[in-house]
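Just so you know, the sequence shown maps onto residues 1111 to 1317 in the working numbering.
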Amino acid sequence: MKQIRFQLPPSAVVVLASASPRRRELLEQIGLPFFVLPSQADEDINPDLSPQLTVQSLSLLKAADIAKTQPASAYVIGADTVVVLDGEILTKPKDEEDARRMLARLSGRAHSVVTGVTVIRCRDGKSISVCEETKVFFKEMSEAEIASYVATGEPLDKAGSYGIQGLGALFVEKIEGDYNNVVGLPLMRLCHILQEEFDFQLMWEVL
1111 MKQIRFQLPP
1121 SAVVVLASAS
1131 PRRRELLEQI
1141 GLPFFVLPSQ
1151 ADEDINPDLS
1161 PQLTVQSLSL
1171 LKAADIAKTQ
1181 PASAYVIGAD
1191 TVVVLDGEIL
1201 TKPKDEEDAR
1211 RMLARLSGRA
1221 HSVVTGVTVI
1231 RCRDGKSISV
1241 CEETKVFFKE
1251 MSEAEIASYV
1261 ATGEPLDKAG
1271 SYGIQGLGAL
1281 FVEKIEGDYN
1291 NVVGLPLMRL
1301 CHILQEEFDF
1311 QLMWEVL
């Protein structure tokens, strides 16, 4: 059996500036040692920015908020995810009624999930921000299905009011792009940044 882990630069520590359990699980999946320190930065969306620039700017804002408190040895990862339908950004629902409205709009249609990721090296302030977009196709959902799903509570802390890694998967007909991006982190892009821009090494181990 093989597993992977990251070899960090000397004395480096990695900080995830997010409280998302899904992002935490994804980083654990690729063997990256890190600790969690959620950002408290204001996440107000600028309506003049595109969804792509919005998530990149918010991921940078979150990472920078934590980076200013960390030692020079730290590398901080910030991320932000939105659902986009007809050019409109759908964030986390305000309440159950809002979640039902969002899901009714997504029913039977395709939408995009856009995630921005920023990595900051505290030693010199170097930062890299990217975004990834995945297209998601929903089946037609009945009012009863939507109401039952919302009643589980799963949609209430998720952009677009669904979680593809949970019960929300029952409504997804297909996707085009990175599945992990819909969950909350585009792992392939993140791994590329860490290796090519910050000298992290991905190691394969046989157990």
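Positions of the beta carbon are idealized from the N, C-alpha and C atoms, including for glycine. Owing to the predicted nature of the structure, the values given are computational and were not obtained by experimental measurement.
Thinking C-alpha only, which one of S1217, V1293, F1116 is nearest T1225?
For the set S1217, V1293, F1116, the Cα lying nearest the Cα of T1225 is the one of V1293.
What does the Cβ neighbour count give for F1233, buried or exposed, with the cut at 16 atoms within 10 Å?
The question names Phe, but residue 1233 is Arg in the sequence shown. With fewer than 16 other CB atoms across the displayed protein chains lying within 10 angstroms of its CB, R1233 is exposed.
Take the Cβ of N1318 as the centre, count every other Cβ of all protein chains shown within 10 Å, and call the residue buried at 16 or more, exposed below.
What is shown of the chain runs 1111 to 1317, which leaves residue 1318 out entirely.
Touch test, the stretch 1130-1137 against the stretch 1194-1206, Cβ-Cβ under 8 angstroms, three pairs minimum
The stretch 1130-1137 is not in contact with the stretch 1194-1206.
Residue range of the beta strand (DSSP E) that T1228 falls in?
Where T1228 is concerned, the enclosing beta strand (DSSP E) stretches over 1220-1231.
Report yes if the C-beta distance between A1189 and S1169 is below 8 angstroms; otherwise report no.
A contact, by the Cβ cut-off of 8 angstroms.
Exposure label - P1181; buried when at least 16 CB within 10 Å:
Exposed.
Mapping the DSSP letters down to three states, classify E1283 as helix, strand or coil.
Residue state, collapsed to three classes: strand.
V1236: which of D1154, L1297, K1284, L1304 sits nearest, CA to CA?
Just to set this straight, residue 1236 is Lys in the shown sequence, not Val. The shortest C-alpha separation from K1236 is found at L1304.
Roughly how far, in whole angstroms, is the beta-carbon of H1221 from the beta-carbon of V1246, given that I think they are within contact range, below 8 angstroms?
The C-beta distance from H1221 to V1246 rounds to 6 angstroms, short enough to meet the 8 angstroms contact threshold.
Answer yes or no: do V1125 and V1186 have a C-beta to C-beta separation smaller than 8 angstroms?
Yes, Cβ-Cβ distance for V1125 and V1186 is below 8 angstroms.
For V1260, which beta-bridge partners are listed by DSSP?
None; V1260 has no bridge partner.
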